[in-house]
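Chains as they are written, first to last, in my numbering: chain A, 211 to 673; chain B, 1123 to 1570.
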């Protein structure tokens, strides 16, 4: 995309006002999106977005400018703006010599989606529509989306790093509406991986469609969720977002450094049930949050955050690692070339426990079984979080019984981590997610085995 | 001194694309360019300074009821030709939709808005940095228990133009600035968070004192909060909370959702859907609204629409597509690129009493000052809602102890009917809905 000699000159321009670090992040994204709604393939859209963000750090100040003009003149102009923004006085000329890093492949791509005809992508959605509507006569509406994107990236910085990467992601989303006597209900499911079109050789899109339709149909018979505190059993692969919200965000070093995390100063302490070992793993091949290098050029890593309940480390980007004089952890990510990198999660998951999941349900006299979760959010400073149950059932006398209508679960992160009292041996990854922070969204994955929290507040309406 | 309005240049680009339409084709081009600044201050120093420039073009082509779109993040002539070719190619894969089509000029006059302020352009970088620094300082001075995790100044200027083969030709520009501060309050046992903000078309309109005061208040008032017991209560929603609910309710009063069988109000036109106290309007022509605008995303005049009149459902907002499909006139609520209809500036017509007067009349209730997880807790198709909340207990007409870590739940349908009073404290907020205190009976609170 951009030659090393141009990168070197642009970085030198960034350092001209006396800054101590300069970085170029350039990306070129091409993607296709198809939407089906109301029985029709509505529109097929394609897009291209390329440009570069230039970051210059002088002392405590970061200057950042971006441009859609990837010519040397365009990059130089952006570098001057960034350098001016970060200016701390001084000045001088520094020479940057780049060393290209060996290419690293975490998620090998077999079929680049851009080589697949648009008709094949449209066909996937027709199959989804058929399968969802065939799932039951009460299904009255289906919408589905297919999207793929390929991003080529080059990152270079004044420490001499230059790294290149290519990322391919493919995503299918299905949402169904069922209509019954008590009104409408919705069901959703999705499938997304850091892989090419071969994704659909492995998974039948009909299964995704039926899962979405099934959720909507199940809820037609649902009763209002309980109101109050109860034990909650979370099915494998459906509750990783709990850990993402309840503690993941609080382990991001930028929030910790500003004292905006309940986990500040807790490394080495017991912060969770000893059953819990929590990992953030950018190297997990083909998962939605997998990356070969982070958006600062650092190789992705397998980072243990909590081991047997003890907090072992936070997640780090360049800036926070530099301030603390420690290595980065491959968690510096950004939404696009228009954004500054921050500490972000990749694939965050809880390792397997030892129990048979059926025993966990059997030993729960009265509680809620959560089979699918929607989104959530957390206040990292207090640890208070919420997330939505999009498929849940009552547990009565050790058995899963009636389906429940939607409601939020609410809790406090540190408390819930301590309250995990059962952990299954059936680990599974969950749906692809987009994690939002400071206005930027990045793809993330999560996962966990079946587990039980001994008490959580369920925000339903039934007493 | 005023900087030249260059949106006319964008209109030329858009018209050039439209002129390339082949016989039988409808073509729409949406061209935009933006410039923004974002300054973050931490502990008296600039933590980051972002200067951003962007441009983009989106092209929609419709032929024989089939639609194709394509977009690109640059305005290079060679790229634009490629975008048009892609959009044309893409339409071959869509299925014919007899209602597909671009908006047609409908003769409704544009209500001009003053969306541009020259003085913002002349504001120096130094002044912007000083604003963020003084907001941080002022906030810290507000209370000894307060820390500030970031203090931000940002501004944005955007120019845009839309041209279509159906005869729409519009161009305009707008700018504005924004201050925000995030706070943490510590009392030795726990930490709570808050935020404050100020918006304006120029920096002199920014109410920095109020932003600092609210950021301090939001964080400190929750210190010592406990988890309440589960029960049914009367809630008073703070204006900021009401506005968030309005945005969700607005999403259900949408012609696109109606024609696609996703609106819980689909067959309720003319029926009572809310307490008679409620009149809900969408009025982007009101210059006080943060999202005031003169045109919608399809280039038609923005207009005032009454959606619920005295509790009776009276109108859905429409894009040109949903209006055509329902056999109704459009309401000027189309989104850019034909991607649906949406409310632009929602407002509940206010009542008369202040929040303090309202609270004085409540024996047992909760003032809800913040909600968390609305996006995951509200299903706008079924109407079920459940959201995390925090606020103050109301006992015998007075505000009492802070409470947090509980949810409030009901359905949107019930909640609208259970409205017991609309406050007189209308508040213009930096979002597409306006705030006002709202009293709702019989809401389920889940806590301990």
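Note that CB positions come from ideal geometry on N, CA and C, so glycine has one too.
It should be emphasised that the depicted structure is a prediction, and the values quoted were computed from it without experimental measurement.
List the residues that DSSP assigns as beta-bridge partners of residue i.
i, result
"residue 605 of chain A", "A/577 and A/610"
"residue 431 of chain A", "Paired residues: none, contrary to the question."
"residue 645 of chain A", "A/652"
"residue 246 of chain A", "A/251 and A/354"
"residue 1507 of chain B", "B/1500 and B/1532"
"residue 398 of chain A", "A/385"
"residue 1154 of chain B", "B/1178 and B/1282"
"residue 1319 of chain B", "B/1302"
"residue 276 of chain A", "A/263 and B/1174"
"residue 1517 of chain B", "B/1486 and B/1520"
"residue 524 of chain A", "In DSSP, residue 524 of chain A forms no bridge with anything."
Would you call residue i buried or exposed, if buried means 16 or more other Cβ atoms sit within 10 Å of its Cβ?
i, result
"residue 226 of chain A", "buried"
"residue 1363 of chain B", "buried"
"residue 1350 of chain B", "buried"
"residue 315 of chain A", "exposed"
"residue 301 of chain A", "Unreliable placement is indicated for residue 301 of chain A, whose pLDDT of 49 sits below 50; the coordinate value is still reported in the next sentence. Classification for residue 301 of chain A: exposed."
"residue 299 of chain A", "In this predicted model, residue 299 of chain A has a pLDDT of only 44, less than 50, meaning its place in the structure is not dependable; the value taken from the coordinates is given anyway. Result: exposed."
"residue 213 of chain A", "exposed"
"residue 429 of chain A", "buried"
"residue 1242 of chain B", "buried"
"residue 405 of chain A", "buried"
"residue 1246 of chain B", "exposed"
"residue 1520 of chain B", "exposed"
"residue 545 of chain A", "buried"
"residue 1405 of chain B", "buried"
"residue 626 of chain A", "buried"
"residue 1163 of chain B", "buried"
"residue 1427 of chain B", "buried"
Can you give me the Cβ contacts of residue i inside the same chain, cut-off strictly under 7 Å, excluding the 5 residues immediately before and after it?
i, result
"residue 1140 of chain B", "1149, 1151, 1285, 1286 and 1287"
Mapping the DSSP letters down to three states, classify residue i as helix, strand or coil.
i, result
"residue 1420 of chain B", "coil"
"residue 340 of chain A", "helix"
"residue 1553 of chain B", "coil"
"residue 538 of chain A", "coil"
"residue 299 of chain A", "With a pLDDT of 44 at residue 299 of chain A, under the threshold of 50, the predicted position of this residue should be treated as unreliable, and no value is reported."
"residue 1412 of chain B", "coil"
"residue 1497 of chain B", "helix"
"residue 1471 of chain B", "coil"
"residue 1397 of chain B", "coil"
"residue 588 of chain A", "strand"
"residue 281 of chain A", "coil"
"residue 1123 of chain B", "Reliability of the predicted coordinates at residue 1123 of chain B is poor, the pLDDT of 42 falling under 50, and no value is obtained from them."
"residue 233 of chain A", "strand"
"residue 1366 of chain B", "helix"
"residue 545 of chain A", "coil"
"residue 286 of chain A", "helix"
"residue 1379 of chain B", "helix"
"residue 512 of chain A", "strand"
"residue 1570 of chain B", "coil"
"residue 702 of chain A", "Limits of chain A in this structure are 211 at one end and 673 at the other, which puts residue 702 of chain A out of reach."
"residue 476 of chain A", "coil"
"residue 1527 of chain B", "strand"
"residue 468 of chain A", "coil"
"residue 268 of chain A", "strand"
Can you name, in chain order, every residue of its own chain whose Cβ lies under 6 Å from the Cβ of residue i, other than the five neighbours on each side?
i, result
"residue 507 of chain A", "365, 371 and 373"
"residue 1177 of chain B", "1155 and 1197"
"residue 1411 of chain B", "1467"
"residue 454 of chain A", "558 and 656"
"residue 517 of chain A", "487"
"residue 233 of chain A", "265 and 367"
"residue 1160 of chain B", "1172 and 1276"
"residue 363 of chain A", "237 and 375"
Near residue i, what residues of its chain come up, given a Cβ to Cβ distance below 8 Å and the 5 sequence neighbours on each side ignored?
i, result
"residue 1126 of chain B", "none"
query = Which runs of the beta strand (DSSP E) fall wholly inside the stretch 1170-1221 of chain B and span at least 3 residues, in chain order?
reply = 1188-1194
ask   = In chain order, which continuous runs of the beta strand (DSSP E) of length 3 or greater are located wholly inside the stretch 1331-1361 of chain B?
value = 1353-1359
key: Minimum length 4: unbroken alpha helix (DSSP H) runs contained in the stretch 1241-1288 of chain B   = 1247-1263
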